[in-house]
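Asker:
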Amino acid sequence: MNLNEVQANIRLRNPWEAVDLGFSMVQKWWKAIYIPLAILTFGIGIPLFLIVPEGEFWIAGVVFWWLKPLFDRLVLHIISHKLFNEELTSWQALKALPSLIWNTGFFQTMTFRRFSLSRGFNLPLWQLEQLRGDPRASRQNILHIASHSQAIWLTIGLWLIEVILSLSLFVLLFLFLPENIQRDFFDNLFGKSVDYARWLDILNYCFYVVVVTAVHPFYIAGNFALYINRRTQLEAWDIELDFRKLASRLKQASQPLISILFVMFFTGSLLLSPSPSYAESTENITTDIEYLNDTRLTSDKSDDVIKEVMLTKNLDDKEISHRWIKKEKEEKKKDIDLDFWDKLKALLEPTAKVFGFIIEFGLWLLIAFGIILLIYFRDRWMYLFQGKRKSKDEYQSPEVMFGMDVRPESLPQNIVDEARNLWQSEQHREALSLLYRGALIRLINQEKVKLQNSHTEGDVLKHASLKLNDTKQGYLKSLTAQWQLIAYAHRSPSESDMQILFDRWAIDFAFDTNAKTTKQGERDE
Amino acid sequence: MSLDTLYHVNTPEGISLRLSPAGPVPRMLAWMIDILIRLAINAVMFSVLAFMGNTGMGIGLIISFLLEWFYPVYFELYKNGQTPGKKAFNLYVTMENASPITPAASVIRNLLRFVDFLPFFYGFGFVSMMISNRFQRLGDLVASTVVLHKALEHNVLDEIKADPITPPVSLKLNEQQALIRFYQRRPYLTDDRADELAKLTGPLLDKDDPAPASRLMGISSWIMGNR
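Residue numbers (my numbering), protein chains in the order written: chain X, 362 to 886; chain W, 14 to 240.
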């Protein structure tokens, strides 16, 4: 194998790109591949068709499928020769078939290796490297590290394409039939004389043979390219090619008159016969990947082209955006007459400085004077801050409600006894007034109900309900009712009602809630 | 002229862009991922809309239709030419001159799926891809678009430290690139193969250098910019 003769551009590709390179090989060398392959496939397919009994063409199909490894070998033989620039006639390719059958592990592939999904990828090891046994297994393992999954998916993918294309041929045939006979095409043409199923069978087989012939080279070439790419990865073929060119250039430079011969033999050589010595001259080194275009335009022309291209919608990246920017007025003023302003500035500067100093000093004095004034008259304004706070936070309890003195000092020692005395001496109004006053004072001072002198009896009840428990609130209600009765309707309450009010005063109303609840709590425990 | 899948687009600056069209197999597998995604979306959508009875079915069919036809268009226009399937296989759709795909081209190439789909599951599409130079299906040919392999970015490998050695002669650009590639891929090569490769550079090294690979690594290191 002579790497210098390699017809494909050797570079490191990603695996799928490598598969595509294989497809390109088929496109480029299609004549060399398809003629011998078609001879082989039809040479096998037609006799099979004739041998197999009528109505059993599926057997022919299966046999044809089973023989695919044979087609593998022919295609690989052709492509590998083509890749290393060895011309191969169809006859030569077909003549190599017997040796391909005997020397490529054909019988293993036809038996237990027939169902391997990476058959095509492994084939070069058998056929080109001629490896067997453990060395083959270990080498295969190394190759499989990177490209195995692609090889498997390539097999599956091309199998699907085969199926799709065979079915496509069926549908295509159906599409091209004239419309009026389409519906009962098979009936009219074959229906009466020939079995419908048999014709389907025959067409199926024929389409299969045609499709396999068409698709198979893609499978083998894709796998072969994948294999080449994997070896390029492992053995740096691309670097080797470049180093050889480098060496030949350097030698040429030092010994310009002598043409340099070199032969390259490869370890584990691919092809059976080494090619003859190959003389390489500098003219041959043209396979560099051209990153630069040969037909470069002149700078004027390329400018024009660039401008034209930049006008297309995709590249015209202009956009209008609005935002606020501060106007720079000072700069504009300076622009008007720079000299004039400079002169003026020079003239005025000393005076301006003196004035500036005076004004600044005056301002400082003013601030100091202001601060002194503030301190001197602090009483005038300090209360503003305090006063506000007081009025907000502090609640001033009223001293007079309903024309009654509600200061605690105004109460007698024992309200109930005093009121009883008043009641018994027929001073009903005073008695109730004393009791109600006592209740109000109690609400204000003990229960902390925020009463104001503007409140009515109803307001008092409402406010008290927020703080009092049910018992107290009940007592207050009945007391208020009696008070209102005597104060506004001038009707004395009954003796019994009054007795209840006097008796329940201490029990229901005039006690400390917290003290009682704690007592209850203790009792519960 | 050596065989490659690449084709070149020349920019006015005289730079030639190398573009690598993608063939039928990776494209088919990418398509299969996309159809699975669409099927999953449809399944979820219909099972939710089934609660709305006939109305739901109607809405579902409309959405399903839009999904089928405009799913690729959306991704091609707004996701750098990559549907999720294409992204999984590092493929992307562009115009033939490698400029971003235009809305018109995207719509055309996806509406013409109908033609590629004939006669049965992209039968014409596959034939067209296998025959055409840039693996274009009919829709691609009409819209003058192409599906390309995205060049993967290779990380700079700087694992092996080698003392820089000034190269004895001046080297051309592609030769320097070869040395850099040697430097970067040295960790993946066996020692024997590395020596073998290094000897191939001939006059660049002494004939009886005991460790040609490490000396060449030194020179490569110098070219990499280590001084």
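By construction, the Cβ of each residue, glycine as well, lies at the ideal position given by its N, Cα and C atoms.
All figures in this text were calculated on a predicted structure; none of them were measured in a lab.
1. Tell me the rounded alpha-carbon separation between W:Leu-151 and W:Glu-89.
2. Could you work out which residue in X:Gln-368, X:Ile-802 and X:Leu-478 is closest to X:Phe-445 when comparing CA atoms only?
3. Starting from the beta carbon of X:Glu-448, find every residue of chain W whose beta carbon is closer than 8 Å, and list them in chain order.
4. Determine, using beta carbons only, whether X:Asn-365 comes closer than 8 Å to chain W.
5. Going along the chain, which residues of the segment 176-206 of chain W sit with their C-beta nearer than 7 Å to a C-beta in chain X?
6. First and last residue of the alpha helix (DSSP H) that includes W:Asn-251?
7. Grouping DSSP H, G and I as helix and E and B as strand, with all else coil, what is X:Pro-769?
8. Looking at the ligand COA, does it come within less than 7 Å of X:Ser-479, judged from the CB to the closest heavy atom?
9. Is X:Tyr-737 helix, strand or coil by DSSP?
10. Rounded to whole angstroms, how far is the Cβ of X:Val-572 from the Cβ of X:Leu-526, which I believe are closer than 8 Å?
11. Give me, in chain order, the residues of the same chain whose beta-carbon lies closer than 6 Å to that of X:Phe-863; leave out the 5 immediate sequence neighbours on both sides.
12. To the nearest angstrom, how far is it from the Cα of X:Val-761 to the Cα of X:Leu-726?
13. Using the C-alpha atoms, what's the distance from X:Ser-477 back to X:Leu-521?
14. If you compare alpha carbons, which of W:Lys-220, W:Arg-194 and W:Asp-221 is closest to W:Met-230?
15. Tell me, to the nearest whole angstrom, how far the beta carbon of X:Ser-508 is from that of X:Pro-376; I am working on the premise that it is less than 8 Å.
16. If you scan the segment 411-489 of chain X from start to end, which runs of the beta strand (DSSP E) of 3 or more residues do you find wholly inside it?
17. Taking DSSP's pairing of strands, which residues face W:His-21 in a bridge?
18. So which residues on chain X does W:Asn-146 lean against when the C-beta distance must stay under 9 Å?
19. Does the beta carbon of W:Thr-214 come closer than 8 Å to any beta carbon on chain X?
20. Give the list of continuous alpha helix (DSSP H) stretches no shorter than 4 residues that lie fully inside the segment 846-871 of chain X.
21. Is DSSP giving W:Phe-64 helix, strand or coil here?
22. What in chain W is Cβ-close to X:Ser-826, meaning under 9 Å?
23. Just checking my contact of W:Ser-241 with W:Tyr-196 at CB under 8 Å: how many whole Å lie between their CB atoms?
24. Of all the options W:Ser-141, W:Ser-157, W:Pro-39 and W:Phe-148, which has the alpha carbon lying nearest to the alpha carbon of W:Asn-103?
25. When we look at the beta-carbon of X:Lys-704 and count the other beta-carbons within 10 Å, is it buried (16 or more) or exposed?
26. Measuring only the C-alpha atoms, how far is X:Ile-440 from X:Phe-585?
27. Where X:Arg-610 and W:Thr-214 are concerned, what is the direct C-alpha to C-alpha distance, given to the nearest angstrom?
28. Step through the CB atoms of chain W and report whether any lies within less than 8 Å of the CB of X:Ala-369.
29. Rounded to the nearest angstrom, how far is the Cβ of W:Ala-43 from that of W:Leu-161, given a contact under 8 Å?
30. Could you check where the alpha helix (DSSP H) with X:His-683 kicks off and where it finishes?
31. According to DSSP, is X:Met-743 part of a helix, a strand, or is it coil?
32. How far does the beta strand (DSSP E) with W:Met-237 in it reach, from first residue to last?
33. Please tell me whether X:Gly-518 has its Cβ less than 8 Å away from any Cβ of chain W.
34. Please go through the same chain and pick out, in chain order, the residues whose beta-carbon is closer than 8 Å to the beta-carbon of W:Ile-121, but skip the five residues on each side of it.
Answerer: Well, looking at it:
1. 17 Å
2. X:Gln-368
3. Near X:Glu-448 there are no residues of chain W at all, since even the closest Cβ is about 15 Å away, more than 8 Å.
4. no
5. Val-182, Asn-187, Glu-188, Ala-191, Arg-194, Phe-195, Arg-198, Leu-202 and Arg-206
6. Nothing can be reported for residue 251 of chain W: it is not among the residues displayed for chain W, which extend from 14 to 240.
7. helix
8. As presented, the structure is devoid of all ligands, the ligand COA included, so that no description of it is given.
9. helix
10. 5 Å
11. Val-777 and Arg-781
12. 54 Å
13. 16 Å
14. W:Arg-194
15. 5 Å
16. none
17. W:Arg-31
18. Ser-385 and Gln-388
19. yes
20. 856-865
21. helix
22. Near X:Ser-826 there are no residues of chain W at all, since even the closest Cβ is about 54 Å away, more than 9 Å.
23. Outside the shown range of chain W, which is 14 to 240, sits residue 241 of chain W, and nothing can be said about it.
24. W:Pro-39
25. exposed
26. 8 Å
27. 10 Å
28. yes
29. That pair is no contact at about 12 Å.
30. Looking at the DSSP string, X:His-683 is not in any alpha helix (DSSP H), and its letter there is neither H nor E.
31. helix
32. That residue, W:Met-237, is in no beta strand (DSSP E); it is neither H nor E in DSSP.
33. yes
34. Gly-152, Val-155 and Ala-156
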